[in-house]
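Going by the working numbering, the sequence shown wraps up at 525, each residue one higher than the last. The beta carbon of each residue, even a glycine, is placed where N, CA and C say it ideally should be. Data block below; observations after.
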Amino acid sequence: MAYKTKSVLVTGCSAGGIGQAIAYAFHQKGYHVFATARTPSKIPSTLSSAPNVTVLELDVLSSDSIAEAVQSVSAKTGGRLDVLVNNAGQASVMPALDVDIDEAKKIFDLNFWAPLAMLQAFAPLLIEARGCLVNNTSASAVCPFPLMSVYNASKAALATASETWRHELTPFGVRTITLITMGVNTGSFTRPGRKPTVLPESSRYAAIGDFVLGIQDGRMQKGAISPSEFAAKVVSEVEKGAYGTVWAGTQAFIGRLMFWLSPQPVLDMLVQSIVPFAKEMAKARKKAD
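Right under this line is the structure:
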C-alpha cells in the first residue's frame with residue numbers, strides 16, 4: 237500500500253536552530269517529519285515527541301550514517317521522500333592569513349560535501365516522489381563579509397552547486413530551492429559551550445582581536461526574524477511549487493535588490509557597515525602610530 241502522507245527529512249534539528257523550526261513548520265502542515273541530528277538528544281522535545289515525527293541519528297559526514305537514514309526513511313515511506321532539506325552547517329570566523337587549512341577543509345566537508353552526499357543518497361527517493369530538494373545557503377554566498385572567507389566560500393560553493401543540481405534534477409521531476417538566508421536570530425553565537433574564535437598572538441590582525449571576538453557576541457543576529465518566521469517562509473515556498481534561488485530572512489527583498497543592483501563601491505559600503513573591518517584596522521593603525 238502506498239504511503240500517502242507527504243514526508244520531509246531535515247538535517248541539523250538541534251534546539252533553537254533553523255532546522256528544528258523548519259521541521260516543526262512542516263509537521264504543522266501535516267507532513268511526516270524525519271528530524272535528524274548527530275546528537276538526537278539535542279532535538280527539542282516539542283518536536284521529538286510530536287506525532288508523525290521520526291527522530292533519526294544522522295551524521296552527515298558519515299556515509300554509513302547517511303545510508304542507515306536512507307534505509308529508515310525508505311522503510312517508513314515505501315521508498316519515497318517528498319522534501320529533503322539540507323540545513324546542517326557550521327559558521328567560521330578567522331582571517332584568511334590565520335586559517336588552519338585542515339580545519340577549513342572540515343567546514344567545506346560539512347557545508348558543501350555533506351549536502352552533495354545527502355543528495356546522492358536520497359536521490360532515488362526524491363525522484364520516486366517527484367519531490368523537492370532544499371539547500372540552505374547564506375547571504376554570505378554572495379556577500380564577502382571580512383573574516384569569514386572559508387564560510388563565505390563554502391556557502392558560495394553550495395549555492396552555485398545547488399543551482400546546477402536544479403538543472404540536472406529537473407528532467408527527473410525534482411524541484412530544487414536554493415535558500416539565500418539573510419538574518420535569522422537563532423542565538424547560535426551565545427549558546428552555552430560555544431567557543432568563539434580567538435586570533436593567534438602572531439596574527440597580523442592581533443590589534444583588533446577584541447573586535448573579532450565582538451562580532452561573535454550575537455550582535456549580527458540582533459533584530460533578525462525568528463527561526464519560526466523563517467521556517468514559515470521556507471515551507472510556503474515549498475508548498476507553492478517554488479524553485480531556484482529564494483531569498484529569505486530579515487530584509488530579504490531589500491537585500492536581494494541591493495546585491496543585484498548596487499555598484500561595487502556601494503556593495504563595499506554595505507559589507508563594511510555590517511562588519512566594519514576596515515574601520516577597526518584604521519583605528520588600530522592610528523593607535524599603533
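Determine the DSSP secondary structure at residue i, reduced to helix, strand or coil.
i           : result
residue 339 : helix
residue 520 : helix
residue 491 : helix
residue 435 : coil
residue 501 : helix
residue 332 : helix
residue 237 : Bear in mind that the predicted position of residue 237 carries a pLDDT of just 44, short of 50, making it too unreliable to give a figure here.
residue 460 : coil
residue 513 : helix
residue 408 : helix
residue 378 : coil
residue 453 : coil
residue 345 : helix
residue 508 : helix
residue 525 : coil
Where do the N-terminal and C-terminal ends of the alpha helix (DSSP H) with residue i fall, by residue?
i           : result
residue 396 : 385-405
residue 471 : 463-475
residue 361 : 350-365
Check the DSSP bridge columns for residue i and list the partner residues they point to.
i           : result
residue 414 : 371, 481
residue 448 : Answer is none; residue 448 lacks a bridge partner.
residue 245 : 270, 320
residue 486 : 419
Judging by CA-CA distance, which residue of the options is the nearest neighbour of residue i?
i           : options            : result
residue 291 : 314, 300, 263, 297 : 263
residue 404 : 273, 369, 250      : 369
residue 510 : 463, 371, 325, 384 : 384
residue 464 : 242, 520, 451, 283 : 283
residue 360 : 449, 419, 501, 306 : 306
residue 333 : 440, 493, 325, 351 : 440
residue 521 : 451, 442, 371      : 442
residue 309 : 323, 289, 324      : 289
residue 331 : 462, 449, 243      : 449
residue 255 : 313, 494, 468      : 468
residue 260 : 363, 351, 285, 240 : 285
Using beta carbons (cut-off 9 Å, strictly below), is residue i in contact with chain C?
i           : result
residue 298 : No chain C is part of this structure, which consists of one protein chain only.
Where are the alpha helix (DSSP H) runs, 4 residues long or more, that stay fully inside the region 249-326, in chain order?
254-264, 281-284, 299-313
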